[in-house]
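Visitor: Below is a structure I'd like to ask you about.
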Amino acid sequence: MTLLAVENVTKRYRLPRRALLKPPAVLTAVDAASFTLERGQTLGIVGESGSGKSTLARMVMAFEKPDAGRVLFEGNDLAALSPNTLRSLRPHFQLVFQDPYGSLNPRRTVGWSIAEPLRATGQAERHRVSEALDQVGLRPADAEKYPHEFSGGQRQRVAIARAIVTRPSLLVADEAVSALDMSVQAQILNLLMDLQDELGLAILFISHDLSVVGSICDSIIVMKHGKIVEYGAAEQIMRAPEKGYTRSLMTAAGLI
Amino acid sequence: MIKASKLSVSLGAGQAVRDVSLLVRPGDRIGVVGESGCGKTMLGLAMIGMTPAAAKVSGSLRLDNAEMVGADEKSWQVQRARRVAMVFQEPMAALNPIKRVGDTVMEPLIIHMGLSRAQARECALSLFEEVGIPDPEARFRQFPHEISGGQRQRVLIALALTCDPGLLIADEPTTALDANVALRITELLARLARDRTMALLFISHDLAAVARSTEDMLVMYGGDIVERGKTAAVLSDPRHPYTQGLLSARPRPENVRETDGRRKRLPTIPGAVPPLADLPAGCRFAGRCPVEMSQCATVRPAEREGTICHQLEAAT
Ligand SMILES: Nc1ncnc2c1ncn2[C@@H]1O[C@H](COP(=O)(O)OP(=O)(O)O)[C@@H](O)[C@H]1O
Ligand SMILES: Nc1ncnc2c1ncn2[C@@H]1O[C@H](COP(=O)(O)OP(=O)(O)O)[C@@H](O)[C@H]1O
Ligand SMILES: [Mg+2]
Ligand SMILES: [Mg+2]
């Protein structure tokens, strides 16, 4: 069965009223987006900021419900599940953010933070935390350290450890390497590819940088103003982008 | 003309900038690349006299004919009002949130350039136009939070231009911006440098942006300039092992698979930039270098044809 199917998903936000008697303006952040992602595959989402990438990620993560359309994870319509069923499904899809500093509790050891998704489902922790640290290239003893004791790249490894500790089948990475130095970015991208090979992870990889997306993804979605304007095999899009917008992203990434 | 000779910045634990020599002539466009923590910002700060209080600057830095190492804050203020300016990565942090952006740009024109309000307004409006802010009159009255990140960076560039600087230092000016917006800001900086015969020191980790906007480039590692040369030459034929590592770590979306179909891994530089206290005394890159020799960690390599590297020294 298809791991993730997004069917005609739309999300609208009401903007603050400009005048008391005028109806509030509505912004369509994601407009009838459809795509699928199979197990073990990497799907990239690119687009300039404000194009709806993060909104789409939040709906895939079931943090928000679509206004129309469905997000099916292993065939389950996420918006239609009971809170309990959704909670039992959550360990199977996990998120890695851009800013690991903001998402790790500075007052807690990273071991505590990594174990957080396990506690949420009441699973035993300790050896799983060690295993996850090992999988991301850190040492089990690092569990006792605090976030500020790590470099930016290591913190992103910690964030990835937390995301894989539940042994998910889908990882959503929202600008997960965007804040890193090029050399560290390469290390983290390699780590994601290694984890994918080892664990059979599917990755939804969101970035504004087409050179990164083109380097690690099997297929690519190009978003503009909430709409998918191009969707296809990565090799094909990188070789012969159809849309001027995609070409402008290539120029911006220094590829043309 | 700006000339740094053996310019160093020491910070308790070690040297953030070590013996940097650099000549900047009017209209030069120089890119500065290197990983975080390699001393790029500290070099920029040293060149405008804004290093942190704990820093000790030594060597020589001449702005035209004035020696600025050891100069007091007052002389620096004069230089900053006339000759050198810097724009930073985070435009929001550099703007006063409760001041209209027009007033922000007018202020130094009134205070440092002695213009009347009316003159300052006219001058600021023309700067807004020069940096490509559409509808300058309307923008003038807005607050920083009311305009986009790209427009904010343009306002800061206009602010930096109020002193008609001979040198503009742009420290990661596009890092916080979207790729398309970043591209436009990069082009703007290069155009300003050309139109005004203003020197530009463009600090960035974006190699594509450096390629596009600069003539010459410096590669910094551990406070040293490890390689320098024409931008096109350094990017197409990097010689220092650090530059080679940095360039090859760039993601390149072609030939992404091995013959067995497995996805290729990106080449990486092992490890990370060490904290100042742990930098080796010899070549700073020792410990991470793939072609390291026994003397590298302890003996400082001499500069040879724009690079400092024992391997290259031995080869010539
Ligand atoms: N909670 C929200 N309320 C109102 N508007 C929002 C909200 N979240 C996102 N938006 C808007 O939706 C659009 C898409 O945003 P986002 O999904 O964050 O784009 P991206 O991740 O591609 O930068 C933007 O115009 C953004 O301002
Ligand atoms: N205020 C400070 N006090 C002590 N060390 C600092 C300070 N600012 C920067 N450093 C150190 O100086 C070195 C160079 O930093 P920086 O110039 O900011 O590098 P870059 O701009 O290349 O990222 C780093 O090791 C950094 O940790
Ligand atoms: Mg986003
Ligand atoms: Mg810096």
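The listed protein sequences correspond, in order, to chains W and F. Take the first sequence: its position 89, counting from 1, is numbered 89 in the UniProt record's numbering, and each next residue is one higher. Take the second sequence: its position 306, counting from 1, is numbered 306 in the UniProt record's numbering, and each next residue is one higher. Every residue, glycine too, gets a C-beta built ideally from N, C-alpha and C. All figures in this text were calculated on a predicted structure; none of them were measured in a lab.
1. Kindly examine ligand 4 and report whether one of its heavy atoms sits closer than 8 Å to the Cβ of Ile147/F.
2. Measure the CB-CB distance between Pro280/F and Gly271/F and report whether it falls below 9 Å.
3. Step through the CB atoms of chain F and report whether any lies within less than 9 Å of the CB of Ser82/W.
4. Just the chain W side, please: which residues come within less than 7 Å of Thr268/F by C-beta, in chain order?
5. Between which two residues does the beta strand (DSSP E) carrying Ala84/W extend?
6. Of all the beta strand (DSSP E) runs that stay within the bounds of the segment 125-181 of chain F, which reach a length of 3 or more residues?
7. To the nearest whole angstrom, what separates the beta carbons of Gly222/F and Phe128/F, a pair I think is in contact under 8 Å?
8. Whole angstroms is fine: what's the gap from Ala32/W's alpha carbon to Val6/W's?
9. Taking 9 Å as the CB-CB limit, is His225/W close to chain F?
10. Nearest to Tyr242/F by alpha carbon, out of Val273/F, Ser8/F, Leu183/F, Gln15/F?
11. Comparing the CB of Glu90/F with every heavy atom of ligand 4, is any distance shorter than 8 Å?
12. Does the Cβ of Pro144/F have 16 or more other Cβ atoms within 10 Å, making it buried, or fewer, making it exposed?
13. So, is the C-beta of Val181/F closer than 9 Å to a C-beta in chain W?
14. On the premise that Val213/W lies in contact with Ile160/W, defined as a C-beta separation below 8 Å, what is that separation, rounded to the nearest angstrom?
15. Taking only three categories from DSSP, how would you classify Gly36/W?
16. Below 8 Å on the Cβ atoms is my contact criterion, and I expect Leu156/F with Leu95/F to pass it. Report the Cβ-Cβ distance as a whole number of Å.
17. Could you please give the first and the last residue of the uninterrupted beta strand (DSSP E) stretch that includes Leu218/F?
18. Output yes if chain F places a C-beta closer than 9 Å to the C-beta of Glu235/W; else output no.
19. Please determine if the segment 199-213 of chain W and the segment 257-269 of chain F are in contact, where contact requires at least 3 C-beta pairs separated by less than 8 Å.
20. How is the alpha helix (DSSP H) around Met182/W delimited, first residue to last?
21. Mind listing the chain F neighbours of Val212/W? Cutoff is C-beta to C-beta under 8 Å, in chain order.
22. Using 10 angstroms around the beta-carbon of Lys11/W, count the other beta-carbons present and answer buried if the total reaches 16, otherwise exposed.
23. For Ile216/W, which residues in chain F fall below 9 Å Cβ to Cβ?
24. Just to make sure I have the definition right: I need the residues of chain F whose C-beta is within less than 8 Å of the C-beta of Leu78/W. Which are they?
25. For ligand 3, any of its heavy atoms closer than 8 Å to the Cβ of Glu175/W?
26. Thinking Val26/W and Leu15/W are a contact (beta carbons under 8 Å), I'd like their distance in whole angstroms, please.
27. Ser126/F to Asp164/F, Cα distance in whole Å?
28. Does any C-beta atom of chain W lie closer than 9 Å to the C-beta of residue 335/F?
29. Run the CB neighbour count on Pro83/W, radius 10 Å, all protein chains shown included, and call it buried at 16 or more, exposed below.
30. Have a look at the DSSP bridge pairing and note the partners of Tyr13/W.
31. Express the C-alpha separation of Arg194/F and Ser75/F in angstroms, rounding to a whole number.
32. What residues in the segment 30-64 of chain F have a beta carbon less than 8 Å from any beta carbon of chain W?
33. State whether the segment 69-88 of chain W contacts the segment 227-244 of chain W, with contact taken as three or more CB pairs (one from each stretch) at a distance under 8 Å.
34. Taking any Cβ of chain F, which residues in the segment 135-154 of chain W have a Cβ under 9 Å from it, in chain order?
35. Considering only residues of the same chain and omitting the five flanking positions on each side of Arg100/F, which have a CB-CB separation below 8 Å?
36. Is the closest heavy atom of ligand 2 to the C-beta of Met42/F under 8 Å?
Guide: According to the structure data:
1. no
2. no
3. no
4. Ser183, Ala186, Gln187, Asn190
5. Reading off the sequence, residue 84/W comes out as Asn, not Ala. Segment 83-89 is the alpha helix (DSSP H) holding Asn84/W; no beta strand (DSSP E) there.
6. 167-171
7. No, Gly222/F and Phe128/F are not in contact; Cβ-Cβ is about 40 Å, not under 8 Å.
8. 9 Å
9. no
10. Val273/F
11. no
12. buried
13. yes
14. Wrong, their Cβ atoms sit about 18 Å apart, outside the cutoff.
15. Note that residue 36/W is Thr in the sequence shown, not Gly. It is a strand residue.
16. 7 Å
17. 216-221
18. yes
19. no
20. 182-199
21. Pro251
22. buried
23. Pro251, Pro253, Val256, Arg263, Leu266
24. Residues of chain F passing the Cβ test: none, with the nearest at roughly 29 Å.
25. yes
26. 7 Å
27. 13 Å
28. Here chain F covers residues 1 to 316 and nothing more, so residue 335/F does not appear.
29. exposed
30. Leu27/W
31. 28 Å
32. Glu35, Ser36
33. no
34. Ser151, Gly152, Gly153, Gln154
35. Phe140, Arg141, Gln142, Phe143
36. yes
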